[in-house]
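First comes the structure, then the notes that go with it.
Protein chains in written order, with full-length UniProt numbering: chain F, 1 to 233; chain P, 1 to 340.
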């Protein structure tokens with residue numbers, strides 16, 4: 001039985017080890033992920049390849065199973081925690097080697113809204129997928145968003161609202177960005193329990209994200225598209 | 001000693017609970033971002049009006065304005081030192097309105113989630129969660145609440161912590177969870193798993209069930225799940241008045257009083273004993289629900305198709321209780337594991 005067998009990570013071939021890392025991410029095994037990252041580094045893998053081919057690829061599987069209702073928040077949080085262990089090793093090396101970034105997100109709950117659990121989940125999942133996340137916390141006025149965007153220069157602005165009374169404030173923020181000619185500088189993603197796609201379109205967001213897994217998928221797609229446009233343009 | 005809710009349940013087949021708290025308070029001028037609990041001290045007349053709205057519409061039980069009254073949530077408003085006071089005041093105002101109603105009305109001390117993720121995934125320890133819920137429970141008890149009412153919980157660990165806190169406060173309690181993620185709670189708990197969890201508690205609730213979530217149809221599917229899992233305790237159904245829609249710059253819930261009346265009768269047919277609304281449920285909805293429960297005869301337990309036809313479809317094809325069916329999603333199989 002393979003379940004009983006002790007796996008010596010260092011004895012696995014590169015391909016087997018990457019497979020194993022995907023399994024270990026799925027199972028939220030942080031120490032094993034850290035060990036595997038060190039092994040791949042010692043074998044001469046670039047930090048960027050480890051990030052994209054092992055960690056992000058593994059988290060994509062977790063994200064899909066979360067989206068499909070197979071995994072739930074507790075498992076996803078453990079997986080994200082394991083991913084974070086690997087990222088802690090890779091992050092300084094990625095900076096050193098000037099590897100391309102996945103992208104950066106500024107995220108916050110809008111003014112009037114004090115609910116933050118959904119926003120926190122998105123932040124954790126985005127970090128798990130390799131994005132840099134700046135969390136502005138709860139109850140953010142439009143000025144706070146503008147200030148954070150100016151300071152952080154992110155690729156993505158994420159806004160969350162749980163209350164029906166605070167959802168319209170997202171439109172205030174987007175309208176302000178439009179008025180200042182800043183709207184097209186950022187990908188704007190919105191989320192929160194009572195929202196839907198129709199609302200996202202109505203207020204001028206790039207996308208509504210039903211849950212944290214969809215947020216990650218959407219962020220990856222839209223960031224890639226933005227990079228392509230920049231290359232083409 | 002028997003408590004007031006147990007006595008009332010013994011004499012009645014069904015009880016009408018209340019509707020929305022937040023929706024009503026915003027209509028009275030509560031500003032988004034402010035803590036509703038502060039109004040227990042600052043705007044007592046508005047809180048009395050909130051409670052009276054439910055009582056006058058025929059509710060047998062209403063929840064106090066203390067949903068976010070735990071130290072973790074109050075800290076966001078720098079009011080964590082006022083937990084006991086604000087909960088006591090919320091319950092005292094409730095006691096006053098209930099006692100003046102001229103009939104037996106239960107004051108249920110609302111206790112919502114801490115908003116934090118519990119260990120090992122998050123930072124909130126079991127001991128700290130129990131302590132926070134206990135502090136809130138003592139305030140509600142001091143204010144004269146008949147029963148503690150734990151609601152909108154997602155994590156089984158948090159539900160258990162609240163149960164322990166109720167035991168420490170020596171109070172009867174009820175507890176509902178929010179099934180908002182493909183028929184499960186955000187943390188993945190199914191209706192059937194909640195029944196098993198409740199069965200194992202040392203300090204059992206008087207009644208348990210579901211509140212909030214996604215619309216009235218989903219909530220009834222959850223109630224059916226409780227019954228099919230062999231629930232022995234009375235079941236609570238407190239669903240939202242439909243689903244929020246964005247129309248002309250405003251949000252409104254699409255559930256009409258007629259729809260909520262149908263929902264209430266179906267909830268009773270599903271096996272629920274305590275029936276109420278949640279977000280978007282206003283006094284006019286409660287009146288229609290009361291009238292329907294009083295005038296329409298109980299029917300057979302509805303199946304999912306009947307619910308769908310009567311009050312609308314579900315948010316997901318399955319809800320996690322159909323483990324053996326072909327539709328059930330499965331975890332990736334045969335994953336290799338390291339020896340631990």
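Glycine included, C-beta positions come from ideal geometry on N, C-alpha and C.
Bear in mind the structure is a predicted one, so any value in this text is a computation, not a measurement.
Beta-carbon within less than 7 Å of residue i's beta-carbon, same chain only, minus the 5 sequence neighbours each way: which residues are those?
| i | result |
| --- | --- |
| residue 302(P) | 266, 269, 270 |
| residue 218(F) | 189, 207, 209 |
| residue 14(P) | 268, 273, 275, 293 |
| residue 71(P) | 80, 83, 132, 135 |
| residue 334(P) | Residue confidence for residue 334(P) is low, a pLDDT of 47 falling below 50, so the modelled location carries little weight; the figure read from the coordinates is stated next. No residues qualify anywhere along the chain. |
| residue 35(F) | 9 |
Closer than 6 Å by C-beta to residue i: which residues in its own chain qualify, once you throw out the five before and the five after it? Chain order, please.
| i | result |
| --- | --- |
| residue 128(F) | 59, 80, 83 |
| residue 54(P) | 18, 62 |
| residue 165(P) | 130, 133, 134, 137 |
| residue 339(P) | Reliability fails at residue 339(P), whose pLDDT of 48 lies under 50, so the model's placement of it is uncertain and the value that follows must be treated cautiously. Hits under 6 Å: none found. |
| residue 2(F) | A caution first: residue 2(F) carries a pLDDT of 48, below 50, which makes its placement in the model too unreliable to give a value. |
| residue 143(P) | 88, 91, 92 |
| residue 116(F) | 109, 138 |
| residue 208(P) | 175, 198, 233 |
Measure from the alpha carbon of residue i to the alpha carbon of each residue in the options, then state which is nearest.
| i | options | result |
| --- | --- | --- |
| residue 254(P) | 112(P), 285(P), 297(P), 59(P) | 285(P) |
| residue 57(F) | 228(F), 21(F), 38(F) | 21(F) |
| residue 158(F) | 179(F), 61(F), 178(F), 212(F) | 212(F) |
| residue 258(P) | 241(P), 9(P), 200(P), 48(P) | 241(P) |
| residue 214(P) | 76(P), 93(P), 157(P), 277(P) | 277(P) |
| residue 146(P) | 121(P), 110(P), 177(P) | 110(P) |
| residue 93(F) | 124(F), 47(F), 192(F) | 47(F) |
| residue 68(F) | 188(P), 97(P), 125(P) | 188(P) |
| residue 26(F) | 148(F), 62(F), 17(F), 183(F) | 62(F) |
| residue 73(P) | 105(P), 260(P), 114(P) | 114(P) |
| residue 154(F) | 182(F), 35(F), 176(F), 172(F) | 182(F) |
| residue 10(F) | 125(F), 217(F), 43(F) | 43(F) |
| residue 243(P) | 21(P), 212(P), 200(P) | 212(P) |
| residue 162(P) | 150(P), 170(P), 172(P) | 150(P) |
| residue 146(F) | 185(F), 228(F), 35(F) | 185(F) |
| residue 27(P) | 289(P), 40(P), 102(P), 49(P) | 49(P) |
| residue 30(F) | 148(F), 65(F), 78(F) | 78(F) |
| residue 176(F) | 225(F), 107(F), 141(F) | 141(F) |
| residue 181(P) | 128(P), 155(P), 316(P) | 316(P) |
| residue 185(P) | 320(P), 3(P), 31(P) | 320(P) |
| residue 105(F) | 150(F), 18(F), 72(F) | 150(F) |
What residues are listed by DSSP as bridge partners for residue i?
| i | result |
| --- | --- |
| residue 135(F) | 107(F) |
| residue 238(P) | 211(P), 276(P) |
| residue 160(F) | 109(F), 191(F) |
| residue 86(P) | Residue 86(P) is not bridged to any residue. |
| residue 62(P) | 107(P) |
| residue 56(F) | For residue 56(F), which the question treats as bridged, DSSP gives no partner whatsoever. |
| residue 176(P) | 209(P) |
| residue 148(P) | 109(P), 173(P) |
| residue 181(P) | 184(P) |
| residue 15(P) | 274(P) |
| residue 207(F) | 189(F) |
| residue 118(P) | 124(P) |
| residue 252(P) | 245(P) |
| residue 24(P) | DSSP, once it has assigned bridges, lists no residue as partnering residue 24(P). |
| residue 47(P) | None; residue 47(P) has no bridge partner. |
| residue 140(F) | 110(F) |
Apart from the five residues just before and just after residue i, which ones in its own chain have a Cβ nearer than 8 Å to its Cβ?
| i | result |
| --- | --- |
| residue 50(F) | 37, 40, 41, 86, 90 |
| residue 170(F) | 110, 159, 161, 190, 203, 205 |
| residue 8(F) | none |
| residue 308(P) | 217, 314 |
Quick test of your reading: residue i and residue j, contact by CB under 8 Å. State the CB separation rounded to the nearest angstrom.
| i | j | result |
| --- | --- | --- |
| residue 64(P) | residue 94(P) | 5 Å |
| residue 8(P) | residue 60(P) | 7 Å |
| residue 313(P) | residue 217(P) | 6 Å |
| residue 296(P) | residue 235(P) | Not a contact, Cβ separation roughly 19 Å. |
| residue 260(P) | residue 23(P) | Not confirmed; about 13 Å, so no contact. |
| residue 310(P) | residue 16(P) | About 19 Å separates the two Cβ atoms, so there is no contact after all. |
Verify the contact flag: residue i, CB atom, against every heavy atom of the ligand MG, threshold strictly below 7 Å.
| i | result |
| --- | --- |
| residue 81(P) | Looking for the ligand MG in the displayed structure turns up nothing, as the structure carries no ligands at all. |
Shorter than 8 Å from the beta carbon of residue i to some beta carbon of chain A?
| i | result |
| --- | --- |
| residue 121(P) | Chain labels in this structure do not include chain A; the protein chains are F and P. |
Counting only Cβ-Cβ distances shorter than 8 Å, please list the residues of the stretch 62-86 of chain F near chain P, keeping chain order. 65, 68, 69, 70, 71, 72, 73, 74, 75, 77, 78, 81
Identify each residue in the stretch 106-118 of chain F for which the Cβ-Cβ distance to at least one residue of chain P is less than 8 Å, and report them in chain order. 111, 112, 113, 114, 115, 116, 117
Mind checking the stretch 132-154 of chain F against chain P and listing, in chain order, the residues whose C-beta falls within less than 8 Å of any C-beta there? 138, 139
Going along the stretch 56-86 of chain P in order, which residues come within less than 9 Å of chain F, judged by CB to CB distance? 68, 73, 76, 77
Against chain F: residues of the stretch 183-201 of chain P by CB proximity under 9 Å: 183, 184, 185, 186, 187, 188, 189
Listed from N- to C-terminal order along the chain, which residues in the stretch 148-162 of chain P have their beta-carbon within a distance smaller than 7 Å of any beta-carbon of chain F? Residues passing the 7 Å Cβ filter: none.
Selection of the stretch 29-53 of chain P by Cβ proximity to chain F, strictly under 8 Å: Against chain F - using a Cβ distance shorter than 8 Å - the residues of the stretch 29-53 of chain P are 31, 32, 33, 35.
Just by C-beta distance, which residues in the stretch 259-283 of chain P are closer than 9 Å to chain F? Hits within the stretch, in order: 279, 280.
Quick one, which residues of the stretch 230-244 of chain P are near chain F if we go by CB-CB under 7 Å, in chain order? 244
Of all the residues that make up the stretch 286-316 of chain P, which are near chain F by a beta-carbon distance shorter than 8 Å? Residues 316.
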